[in-house]
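Worksheet: the structure to be examined is printed underneath.
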Amino acid sequence: MPNSPTYLGTVQDVQGATISIALDKDTVSGLVFIDGHGYRIGQIGSFVRIPIGFTDLFGIVSQVGAGAVPEALVKVEPYGYRWLKVQLIGEGQRSGEFKRGISQYPTIGDEAHLVTEQDLTRIYGRPDAPNFVRVGSLASAESIPALVDIDRLITRHSAVVGTTGAGKSTTVASLLASLSDPVRYPSARIIVFDIHGEYHTALNDRATIFRVNADETRGEQPLFIPYWALSLDELLRVTPFRGLNDADRAALVEKIKQLKLASLQTQARNGVTVDTMTVDTPIPFSIHRLWYELHRYVCSTHTAQGANQSDATEAIELGPNGQPMLGDIMGVNPPRYRPITSGGTNRVYLSGAPLNIRRQIMATELLLRDTRYDFMFHPGPWCPNPTLQNLDAQPVQDIDSLIRSWVGGDKPITILDLSGVPVSILMDLVGVLIRLLFDALFWARYLPEGGRTRPLLFVMEEAHAYLNAGNEGAASMAARRIVKEGRKYGMGAMIVSQRPSEIDPTILSQCGTMFAMRLANATDRAHVTGTVSDNLEGLFNMLPTLRTGEAIIVGEAVHLPLRALIDAPPKNRRPDSHDPKIYDPAANGGWNRQKQAEDYARVLEKWRSENPRSANNPGGNP
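Here the sequence shown is numbered in the numbering used here, starting from 1302 and rising by one per residue.
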């Protein structure tokens, strides 16, 4: 009704879900007060209500002024440039039920009204619904909570994007704190891939933290990723055996298969038999034994030539005790061979093995000695430890105990702190972890431990580092599998990145809910806008000017797109990602602090230990 305080004007143009509204000449511009609340007329991102019978259509203002005038009316419209362009989003029944999507459209002359706090409460105000969690409050009405539907947030995937300093990590920490509420969701399980070790402080009371070079005094547990749980392709990518020709690769595959078969014959494993085992089946085998036997096969010398060579003809040197110097498998010490001779009666010949992998064998020897890779090639109780006297030694534990520790522990969140993983294999290792968990829960989908009964959320921090566009690495392939297939099996993904333009478009487009924070880069904004099904370019034009901790939330987990102020956790519960202060009023840091004595020996200690928070050094504790 024109005399209603909420009346704005009338619908004058309808193009699908995009409509143009001409503001009434008597509609006051600027700020109006209704029932004690102030509202700004025609603000980008504000809502419009269009009554149609017993139904209200709701839309969001995406453009104001001259640009909102329908092209056909530019020269003839009677109200100047007092126009709004609105994107229809959903509809609500007078009974109070609200549904996303449009079943009917307005006609020319239908009234448009301002959406009040009462209307917003009707749409958003369901704080008691168990499937909704609070993430903040509406930026335009801070008394109304910003709620997200966890069913759609998790299984339909989500993305949190924003430039550095926009509040992404704090937003993620706030989300995870809500999702892991022990009272509301006692069986929640969330796994966080923490690339830089930022979430220890924020989530340590609800999270089990696994880290390479773990500091057990801070409650961290060692992170182990057994090499034998990797598929063949994954294993080759993290070892010097990648890029082999077909003949050498086939020989290597056969050797690995033989070692797995011998392991299975030594100790039976539930779910697999000799006949069903493949080279990718997660059966323990010793990579040290693989290296040792390949070394003896390819790098040995012999007293015989060509086809006459065998173990009996190996030219192994004798030690001071007169015994053959056979080396040490787990110590990565190869046998000592007599050098090649070109003449005489006791000639020594190089191995005639047809494999051209001598260089790879030598490089594998160095890799197995490199302590940075011990988490994978010496994986604690999951490591077979063969000796020359017991080649078929088995690990103490099978991989079920590892999976249990990651997703079946007492705490709802597991943080895999990957800050100590060598950069050269980081992308591959993230892919391995995702694939291992996906496969485990996929095949167990009908069990209580499976994803359908107890869903799992993957949180992928700094995703642009390993899910970048055009990357065919293990991480990208595993993440694509989750976003395409995970919904059916109770596995969801949350992609967190400061550069959405560098994320694989296939992955980003499958994120049903978007938390878009401040984004200054036009390319990044374009990628975010392109992934959203609603025609909300005007709303996303606000991204460069959003405040720290403010987000535009769109997608399936919210009834209507909304601009929200995210609830910030207490300062002692925030991720370790805040900006250092150049000028610190408290003079606890920054350039204004008086210069103090510094100990760079401690710097070197931290560098060497690759642990910034060791307990014996107070300077490293946050």
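Using N, Cα and C, we set each Cβ at its ideal position, and we do this for glycine too.
Opposing strand residues paired with residue i [DSSP bridges]
i: Leu1324; result: Gly1310
i: Ile1796; result: Ala1460 and Met1761
i: Gln1388; result: Thr1319 and Ile1361
i: Lys1400; result: Glu1392
i: Ala1413; result: Gly1310
i: Phe1511; result: Gln1522 and Leu1717
i: Ala1852; result: Ala1865
i: Asp1629; result: Asn1634
i: Gly1891; result: Tyr1884
i: Tyr1340; result: Val1333
i: Thr1814; result: Ser1459 and Gly1856
Option in the options with minimal Cα separation from residue i
i: Ile1335; options: Thr1307, Ala1413 and Glu1412; result: Thr1307
i: Leu1389; options: Pro1583, Arg1383, Glu1618 and Val1362; result: Val1362
i: Thr1830; options: Thr1356, Tyr1425 and Ile1854; result: Ile1854
i: Thr1807; options: Arg1800, Arg1782 and Tyr1593; result: Arg1782
i: Thr1602; options: Ser1611, Gly1360, Glu1899 and Ser1652; result: Ser1652
i: Ala1478; options: Asn1505, Arg1705 and Val1461; result: Asn1505
i: Val1833; options: Ala1817, Thr1824, Gly1771 and Pro1845; result: Ala1817
i: Lys1556; options: Arg1543, Glu1594 and Met1578; result: Glu1594
i: Arg1864; options: Gly1317, Leu1448, Asp1357 and Gly1391; result: Leu1448
i: Gly1402; options: Leu1358, Asn1893, Ser1725 and Val1436; result: Leu1358
i: Thr1582; options: Ser1532, Ile1617 and Gln1568; result: Ser1532
i: Ala1318; options: Gly1343, Thr1408 and Glu1398; result: Thr1408
i: Val1462; options: Thr1567, Ala1369, Gly1850 and Gly1752; result: Gly1850
i: Thr1672; options: Asp1900, Asn1514 and Asn1912; result: Asn1514
i: Gly1924; options: Pro1871, Lys1882 and Pro1862; result: Because the chain in this structure spans residues 1302 to 1923, residue 1924 falls outside the shown range and cannot be described.
i: Asp1327; options: Glu1906, Ile1883 and Arg1383; result: Arg1383
i: Ile1867; options: Asp1885, Arg1848, Arg1519 and Gln1690; result: Arg1848
i: Glu1786; options: Gly1752, Arg1490, Ile1526 and Gln1364; result: Gly1752
Same chain, Cβ closer than 6 Å to residue i, five either side skipped, listed in chain order
i: Ser1720; result: His1497 and Gly1498
i: Phe1586; result: Trp1529, Leu1560, Lys1561 and Ser1564
i: Pro1655; result: none
i: Ala1503; result: Ala1474, Arg1874, Arg1875 and Pro1876
i: His1596; result: Pro1635 and Ile1662
i: Pro1325; result: Checking the displayed sequence, the identity of residue 1325 turns out to be Asp instead of Pro. Gly1310.
i: Pro1845; result: Ala1821
i: Pro1687; result: Ser1587, Arg1590, Ile1630 and Ala1694
i: Ser1611; result: none
i: Pro1371; result: Asp1314 and Ser1321
i: Ala1605; result: Thr1614
i: Tyr1650; result: His1603 and Gln1606
Beta-carbon proximity of residue i to residue j, cut-off 8 Å
i: Glu1521; j: Arg1507; result: no
i: Ala1869; j: Ser1481; result: no
i: Ile1492; j: Val1760; result: yes
i: Leu1421; j: Ala1442; result: yes
i: Lys1386; j: Ser1444; result: no
i: Asp1516; j: Glu1762; result: no
i: Leu1524; j: Phe1739; result: no
i: Gly1791; j: Pro1756; result: yes
i: Thr1472; j: Ala1852; result: yes
i: Arg1819; j: Thr1464; result: yes
i: Pro1446; j: Ser1438; result: yes
i: Phe1348; j: Val1416; result: yes
i: Ile1584; j: Arg1570; result: yes
i: Ile1345; j: Met1795; result: no
i: Lys1789; j: Thr1509; result: no
i: Leu1545; j: Ile1726; result: no
Beta-carbon proximity list for residue i, same chain, < 7 Å, skipping 5 on both sides
i: Thr1540; result: Thr1665 and Leu1668
i: Pro1919; result: Low confidence applies here, because Pro1919 scores a pLDDT of 43, under 50, leaving its location unreliable; read the following figure in that light. None.
i: Leu1536; result: Tyr1528
i: Lys1558; result: Val1580
i: Glu1857; result: Arg1453, Arg1457, Gly1813 and Thr1814
i: Pro1886; result: none
8 Å Cβ shell around residue i - same chain, five flanking residues per side excluded
i: Asp1411; result: Thr1311, Val1312, Ile1351, Pro1352 and Ile1353
i: Pro1621; result: none
i: Val1724; result: none
Residue-chain proximity (residue i, chain E), Cβ-Cβ < 8 Å
i: Ile1335; result: Absent here is chain E; the protein component of the structure consists of one chain.
Does the segment 1687-1697 come close enough to the segment 1633-1643 to have 3 or more Cβ pairs within less than 8 Å? no
Within the chosen definition, does the segment 1707-1727 reach the segment 1447-1467 through at least 3 CB pairs nearer than 8 Å? no
Is it a yes or a no for the segment 1725-1737 touching the segment 1772-1781, going by three-plus beta-carbon pairs under 8 Å? yes
Can you confirm whether the segment 1794-1803 touches the segment 1765-1772 when touching is taken to mean that 3 or more C-beta pairs between the two stretches lie within less than 8 Å? yes
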